[in-house]
DNA sequence: CCGATTACGTTGCAACTGCAATGCAAAAAC
DNA sequence: GTTTTTGCATTGCAGTTGCAACGTAATCGG
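Chains as they are written, first to last, in the working numbering: chain A, 131 to 347; chain E, 131 to 347.
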């Protein structure tokens with residue numbers, strides 16, 4: 131074998147460039163040459179690692195998914211042991227909202243891919259599984275919160291989970307569209323959590339998000 | 131003046147073709163020639179009515195908006211005089227969900243435009259106004275429902291309106307992605323209305339939507 | 001040392017893109 | 001009846017697209 135190169139690393143490099151292009155100018159500006167230029171490589175190299183554009187797009191979509199998942203797990207693991215369902219859910223969902231420029235960029239890409247997969251259903255397979263898992267997890271958290279007796283109004287946990295995830299997605303879409311500022315979205319999200327789990331403990335009130343252990347290196 | 135032609139009519143004809151193309155193959159497949167072919171006209175004619183592609187896109191976006199607005203007003207006006215806030219809200223929001231193929235097609239186009247405007251903020255101006263009006267209306271309905279004493283848990287109407295609209299948008303996105311069937315979305319929407327306005331009157335239970343006066347001509 | 005294999009870079013091509021330019025027919029204005 | 005304005009079709013062009021083809025340099029197994 132000749133010059134050994136980490137295939138996955140190169141592919142991720144290219145996918146990152148693709149996401150930068152997509153975040154700035156939309157998916158329709160994603161071409162082999164643009165991505166190559168953004169990544170600072172030749173377009174031949176892009177073709178070397180992705181035999182077709184579709185393959186590149188599919189891979190990039192999986193990177194988007196992985197990245198948001200990593201974001202969530204990192205934020206959640208920073209919560210310490212056995213956080214309350216409310217804290218856990220709030221942390222997860224706020225982490226997925228486009229509240230700063232980094233997440234806005236990711237959000238624009240995700241939204242573009244959402245529209246993309248709506249027309250090419252074959253690519254969307256992985257997304258279904260992820261949202262199903264997320265829904266199951268949220269429903270579980272709501273269930274344990276209800277078992278702890280925090281709420282007076284019992285709601286079906288599965289339906290509540292679907293609604294809660296939809297709230298998050300909808301808020302994200304409207305935030306990306308600039309329809310209202312982040313505070314409005316956060317207020318609505320908290321109101322929704324109040325509805326589902328009862329009013330939040332006074333200790334947490336006003337905290338935008340739990341503090342990070344350390345900034346990314 | 132020569133051969134008189136209804137300008138607006140032609141433009142709408144072309145915009146309809148554009149939406150058909152966008153619904154089937156995405157906005158990235160929208161080109162002058164594709165749209166012209168779909169509309170059954172020459173590409174020169176398209177250029178005659180839209181001097182630039184951007185002008186055509188902007189107009190099509192406004193048509194999308196008008197169409198969904200018309201859908202809502204038609205469904206609402208079929209409700210009769212002074213429907214309850216809950217019936218009104220449910221009718222409006224259900225009408226906006228992609229529950230049948232016609233609305234799915236519209237939804238795909240709307241989603242594509244959402245991603246489109248997220249990258250070209252200049253085009254999004256009209257959308258902000260529309261969502262602001264919708265939010266104000268929803269908040270008003272929630273307020274009157276609360277004044278009627280239907281709910282025990284008082285929630286801030288403005289936040290509740292933001293959350294409710296976000297639920298609808300999020301459900302729409304997930305429906306378009308095929309993440310769950312329409313029944314799941316409807317169940318979640320009803321659960322949300324239960325949360326905000328209290329449990330629904332037994333008379334309405336299980337009705338998917340109020341019957342239409344007459345099918346479209 | 002040597003074919004074989006891998007990692008690129010370069011070039012080329014047919015198809016497509018938005019758009020300008022031109023042509024022309026019909027009908028209203030005069 | 002001529003002129004002028006409008007509606008629309010055709011053609012052409014420069015730029016971009018995805019992709020195949022070919023080239024070359026490096027590096028390993030033998």
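Cβ atoms here follow ideal geometry from the backbone N, Cα and C, with glycine treated the same way.
In this structure, the straight-line span from the alpha carbon of residue 305 of chain A to that of residue 140 of chain E is close to 35 Å. A straight line joining the alpha-carbon of residue 195 of chain A with that of residue 174 of chain E spans about 42 Å. Counting along the chain, the unbroken alpha helix (DSSP H) around residue 302 of chain A starts and ends at 287 to 306. Membership of residue 309 of chain E in any alpha helix (DSSP H) is not indicated, and neither H nor E is assigned to it by DSSP. The DSSP-derived three-state label of residue 251 of chain E is helix. Taking a Cβ-Cβ cut-off of 7 Å, the neighbours of residue 286 of chain A in chain E comprise 321, given in sequence order.
Between residue 304 of chain E and chain A, the shortest Cβ-Cβ separation is below 8 Å. Taking a 10 Å sphere around the C-beta of residue 320 of chain A, we find 16 or more other C-beta atoms and assign the residue as buried. Under the three-state reduction of DSSP output, residue 135 of chain E falls in the coil class, being neither helix nor strand. Against chain A, the beta carbon of residue 314 of chain E has neighbours under 9 Å at 288, 289 and 292, listed in chain order.
A distance below 8 Å between beta-carbons, with the five flanking residues on each side excluded, links residue 312 of chain A to the following residues of its chain, in chain order: 227, 229 and 305. With a threshold of 8 Å between beta carbons, residue 246 of chain E makes contact with chain A. If you ignore the 5 residues before and after residue 148 of chain A, its C-beta comes within less than 7 Å of the C-beta of 160, 165, 186 and 190, all in its own chain and listed in chain order.
The straight-line gap separating the alpha-carbon atoms of residue 179 of chain A and residue 168 of chain A is approximately 16 Å. Distance between residue 329 of chain A and residue 315 of chain E, taken at the CA atoms: about 25 Å.
With fewer than 16 other beta carbons inside 10 angstroms of its own, residue 263 of chain A counts as exposed.
Of the candidates A:275, A:310 and A:266, A:266 places its Cα closest to the Cα of residue 291 of chain A. For the pair residue 299 of chain A and residue 302 of chain E, the Cα-to-Cα distance works out to about 10 Å. One alpha carbon belongs to residue 318 of chain E, the other to residue 297 of chain E, and they sit about 9 Å apart. Not a single CB atom of chain A sits nearer than 8 Å to the CB of residue 213 of chain E. Runs of the beta strand (DSSP E) lying entirely within the region 143 to 188 of chain A and spanning at least 3 residues: none are present. Our two residues, residue 177 of chain A and residue 183 of chain A, have alpha carbons roughly 8 Å apart in a direct line. For residue 220 of chain A, the enclosing alpha helix (DSSP H) has its first and last residue at 215 to 226.
The beta carbons of residue 241 of chain E and residue 244 of chain A sit closer together than 8 Å. Taking 8 Å as the threshold, the shortest C-beta distance from residue 225 of chain E to chain A does not fall below it. Within its own chain, the residues whose Cβ lies closer than 8 Å to the Cβ of residue 218 of chain A, once the five positions on either side in sequence are excluded, are 206, 209 and 271, listed in chain order. Taking the CA atoms as reference points, residue 326 of chain E sits about 17 Å from residue 213 of chain E. For the C-beta of residue 258 of chain A, the chain E residues within less than 8 Å are, from N- to C-terminus, 307, 308 and 309. Residue state for residue 260 of chain A is assigned as helix, using DSSP reduced to three classes. The beta carbons of residue 225 of chain E and residue 197 of chain E sit no closer together than 8 Å.
Around the C-beta of residue 284 of chain E, fewer than 16 other C-beta atoms lie within 10 Å, and the residue is accordingly described as exposed.
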